[in-house]
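So the protein sequences, as listed, match chains F and X.
First residue of the first sequence? That's 21 in my numbering, and the numbers climb one at a time after it.
First residue of the second sequence? That's 1390 in my numbering, and the numbers climb one at a time after it.
Ideal Cβ positions, reconstructed from N, Cα and C, are used throughout, including at glycine.
Here the structure is a predicted model, which is why all the values come from computation and not from measurement.
Comments concern the structure below.
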Amino acid sequence: MRDSREKASTSGLSARRVFAIARKEFTHVLRDWRSLTLALAIPVMLILLFGYALNLDVKNVPTIVYDASGTPESRDFVRLFGGSTYFTFVDRCDNHRDIARAIDRGRAMVAIVIPTDFAECVNAGRKAEIQVIVDGSDANTGRLVTGYVSAVGLIYYRNLVVKRAEQAGGGAVSMPVSVEHRAWYNPELRSTNNIIPGIIAIVMMVIAAILTSTTVAKEWELGTMEQLISTPVRVQELVVGKLTPFFVIGFLDVTVAVAMGQWIFGVPLRGNAALLFLMAAVFLIGALSTGFMISAMLKTQVLATQIALLSTYLPTLLLSGFVFAIENMPQAIRAITYFVPARYFIAIMRGIYMKGIGLDVMWFNALLLSLWALFMFALANRKLRLKLD
Amino acid sequence: MDAIRTEGLTRRFKDLTAVNRLTVNVKRGEIFGLVGPDGAGKTTTMRMLSAILTPTDGSGWVMGYDIRTECAAVKDRIAYMSQQFGLYTDLTVMENIEFYADLYGVAKKGRRERIDELLNFSYMHPFKRRLAGNLSGGMKQKLQLMCALIHTPEVMLLDEPTNGVDPVSRRDFWRILYRLLSEGVTIFVSTAYLDEAERCNRIGLMHEGELIAQGTPSEVKKLMRGRIIAITSPEARRIAYLLKSELEAVSICIFGDSVHVVTDSPEKTSVSAGKIISESGLSADSIRSIDATLEDVFVSMLGEKRASAGAEDEN
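Given below as structure tokens:
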């Protein structure tokens, strides 16, 4: 009755077992609308949310003007503000009380006050003082607006000097020194260009880790693990088999994210798309392994999901250089960011997206990212135990 | 070579010793029943023999392979069926079977026939497209047995496979086990049902982590001290209560509507029992001497164990 059937497990790893596990996991995901939503709808939602809400650009700032001078000179000056896309006039007034009220109620963010002696000062060549009041409760916008106002002031000054010189000496005159700034890689300084690559990293890290965080814990909770580990299945087969479907889903998410960046947010991809997807694959392996490891260690779904969310979302959001520039962080915090893998991935993504550079420049980031992915994968294998004790 | 052999197999969980120095051997091709109440250590024993739980002490071999050091070889040769339903409720009957067939490396050639045979034999053919979660308790157990059987194992380790299963499904289940036995498979089954234990070639009685007796069912029955008087009455409970205080006997307990009195002198005991019952105004349908069932043996041995444990405590 004993046949001479070859014992598969004694001859090492079996591709058939890996495939069987992968197919089973796929079926689980496809038959559970919650995991399907998490895998496909949530990433799209997150990208839309971040893409639109996390807009750091300042445009059309509501502005109120108090022109006490009321002269052609002062009107010239005000017109300069109106001509820029950064400011939109909401009102004019003739006293400080109205300014205070407008800013209090949030109707205006900036008030420009031109003094009565503006024209006299300008014509006499004396220093004319313009008062600018900014709503400082939003520090970021306040700082940007202050910069814009100074820039407009400078333009007015330059125009004035040129006009005077022309009147005095005839012929065209140019400024002795002029600062022309040009932002490389992102000439319009659009923050979306910077944000989209970062969002892809966040969404991948969080979704990947959460997706795999239940995969082992669920089997322990439902009691299917006991039956599963009584078969000749190997640790590596279980890890690879269980990660494969989520890798496919994660890759699909990346593709959708890149497509959304391209067509919804108009973020140009300057570099090599193949390199981008290769690096995304490496990052995915690390993120999926992280969730898997947490799942194998904790053995309960709710706890594993929470830990996976906390340990990936916050560090990735705050310490990866996505929102806050790493260069501006205190020394101690900066040291911690070296342990946030998304840091390397975001640097690579921005490099590919905006600078169009390749591995010849970013090899060190790519190396660290790969080492991390390899380490997490090894850890996932190590933490999965096929014993009940 | 024995199919299963253990020497002083022990498993402790913190303060609790779930299995204590278990030494047992199961011959090839026999069906061995591990019998005992809940918490006796049956499941822990099963898990250690399946190489999914590491023993704290002692050793064990399945088909000659060490359950500590040769887990892979053990798992290749066994089919384990956990007490709790361990299959995927969101997969269909067929998907579950195919999954386990792949895990056990069952060749694609001939697999179709093997599955069909199993489905027919367990009367599960009409349900093969049904989700496992929508099966009845008995069908779930049969499905689990099928998944375990898909790779023609050498040793089957079945942990209370008929627990909570209706009588008809239980009969089906045992029919399948007997057929496997005729094919030469060794079966190690645990059960809390003593009528099932009587169907085994040999049994081991387990109590509080220890094996208190082993042998064929008739050998085990002979281990019992005394004879049994069965008193059948609708008022069995009251009679048992009464006899416990008035009658000299080894043990007195209730089995359904009858009271079993274990005694060394059956004639004398039945006369005095009859007298006590009639004097108290109760009535018995019959009072007669019967052959011991495994249940009686079990109860009396547990009684002795408790008595000796009590004596030790007093010292």
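Under the criterion of beta carbons closer than 8 Å, residue 308 (chain F) and residue 266 (chain F) qualify as touching, at roughly 5 Å.
Distance from the CA atom of residue 109 (chain F) to the CA atom of residue 210 (chain F), rounded to whole angstroms, is 23 Å.
The continuous alpha helix (DSSP H) containing residue 178 (chain F) extends over residues 159-189.
Put simply, of F:134, F:409, F:337 the residue whose alpha carbon is nearest the alpha carbon of residue 224 (chain F) is F:337.
Put simply, the region 1472-1490 of chain X does not touch the region 1445-1455 of chain X. Fewer than three CB pairs are less than 8 Å apart. For residue 408 (chain F), the chain X residues whose Cβ falls inside 8 Å of its Cβ are 1436, 1441, 1442, in order along the chain. For residue 1681 (chain X), the closest C-alpha among the options X:1674, X:1675, X:1689 is that of X:1689. Following the DSSP letters along the chain, one finds residue 140 (chain F) inside the alpha helix (DSSP H) bounded by residues 138-144. Within chain F, the C-beta atoms nearer than 8 Å to that of residue 1484 (chain X) come from 44, 47, in chain order.
C-alpha of residue 118 (chain F) to C-alpha of residue 322 (chain F): approximately 55 Å in a straight line.
Around the Cβ of residue 1402 (chain X), a 10 Å sphere holds fewer than 16 other Cβ atoms; the residue is exposed.
Looking at F:100, F:351, F:310, F:374, the one whose alpha-carbon comes closest to that of residue 362 (chain F) is F:310. Just so you know, the alpha carbons of residue 371 (chain F) and residue 82 (chain F) end up roughly 35 Å apart. Annotated three-state conformation of residue 1454 (chain X) is strand, per DSSP. At least 7 Å separates the CB of residue 1567 (chain X) from every CB of chain F. By the C-beta density criterion, residue 1471 (chain X) is buried, having at least 16 other C-beta atoms within 10 angstroms. In the three-state reduction of the DSSP assignment, residue 149 (chain F) falls in the coil class, being assigned neither a helical nor a strand state. With contact defined as three or more Cβ pairs closer than 8 Å, the region 250-262 of chain F and the region 272-290 of chain F are not in contact. Between residue 1483 (chain X) and residue 1531 (chain X) a beta carbon distance of about 14 Å is seen, past the 8 Å cut, so the two are scored as non-contacting. Rounded to the nearest whole angstrom, the C-alpha separation of residue 236 (chain F) and residue 1460 (chain X) is 21 Å. Straight-line spacing of the CA atoms in residue 388 (chain F) and residue 340 (chain F) works out to 14 Å.
Residues of chain F with a Cβ closer than 7 Å to the Cβ of residue 1517 (chain X) do not exist, since the nearest Cβ in that chain sits about 16 Å away. In chain order, 71, 212, 216 place their CB closer than 7 Å to the CB of residue 285 (chain F), counting only its own chain and leaving out the 5 sequence neighbours on each side. At least 7 Å separates the CB of residue 1538 (chain X) from every CB of chain F.
Contact with chain X is found for residue 40 (chain F), since one of that chain's Cβ atoms lies less than 7 Å from the residue's Cβ. Within the region 225-254 of chain F, those residues whose Cβ lies closer than 7 Å to any Cβ of chain X are, in chain order, 243, 244, 246, 247, 249, 250, 251, 252, 253. By DSSP's assignment, residue 86 (chain F) forms a beta bridge with F:133.
When Cβ-Cβ separations below 7 Å define contact, residue 1473 (chain X) makes contact with chain F. Here residue 1549 (chain X) is near residue 1579 (chain X), since their CB atoms are less than 7 Å apart. Within chain X, 1494 have C-beta atoms less than 7 Å from the C-beta of residue 34 (chain F), given in sequence order. The beta carbon of residue 1440 (chain X) is closer than 7 Å to those of 1456, 1460, 1463, 1464 in its chain, skipping five residues each way along the sequence.
Nearest to residue 1684 (chain X) by C-alpha distance, out of X:1574, X:1595, X:1536, is X:1595. For residue 51 (chain F), at least one C-beta of chain X is nearer than 7 Å to its own C-beta.
With a beta-carbon spacing of about 11 Å, residue 1628 (chain X) and residue 1634 (chain X) fall beyond the 8 Å limit used to define contacts. With a threshold of 7 Å between beta carbons, residue 1488 (chain X) makes contact with chain F. At a beta-carbon threshold of 7 Å, the residues of chain X lying near residue 37 (chain F) are 1491, 1492, ordered along the chain.
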